[in-house]
Amino acid sequence: MTTAGAATTRSALVGQVGAGVIGGLVGGIIFGVIMATGSDMLIVMIGQLLSSDSTSQALGWVVHLAISIFAGGLFAVLVTKLARTWLVATLLGVVYGVIWWLVGAMWIMPTWLGMSQMIFDWNDNSQLSLWGHLAFGLVLGLVYGMLAPRLAARRS
């Protein structure tokens, strides 16, 4: 690949990651609203990942949206070659949301917070979290699938 070709590819990837970041932010906001409808405690617990004695919903939102933005950018890097249509991107987003639920919400978060009894425990909060992660993945994939081709083309 020529230097110009590599630069174009790199520039297109930046556009795709930008689409993932935007999708992650929008999906994260929707996910946060879903969490807030069920329990204020879920968003507080997310803030406790950063500060274990926090009871701040604001800190929870900041941490939640930071994770959502990171997850969106990572999604873009992982699916760039697979997500050729908005439909495929959306389906991959839903799968990605379920993976984040299993790994993040059901395993890492309870482990990090010292709640070993909650690891892979199915309850009202984990059910609400699953719905939130599904919505996150759906919105992330849809936004990515619609924006990535435009942003990648604009940057190449």
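So the mapping is simple: the working numbering equals the position in the sequence shown, first residue as 1, plus 63.
Think of the CB as a built atom: it goes at the ideal place given N, C-alpha and C, for glycine as much as any other residue.
- Annotation: the continuous alpha helix (DSSP H) that includes Gly136 extends over Gln120 to Val142.
- Collapsing the DSSP output to three states places Leu176 in coil.
- Shown here for Val206: same chain residues with a beta carbon closer than 8 Å to its own, the five before and five after excluded, namely Ala82, Ile85, Gly86, Val89 and Gly90 in chain order.
- A straight-line Cα-Cα distance of about 16 Å links Ile132 and Thr143.
- The C-beta distance from His196 to Gly160 rounds to 4 Å, short enough to fall under 8 Å.
- For Met108, the enclosing alpha helix (DSSP H) has its first and last residue at Asp103 to Gly110.
- Note on geometry: alpha-carbon atoms of Ala139 and Gln79 lie some 6 Å from one another.
- Across the set Arg213, Ala211, Leu154 and Ala216, the C-alpha of Leu154 shows the shortest separation from the C-alpha of Phe199.
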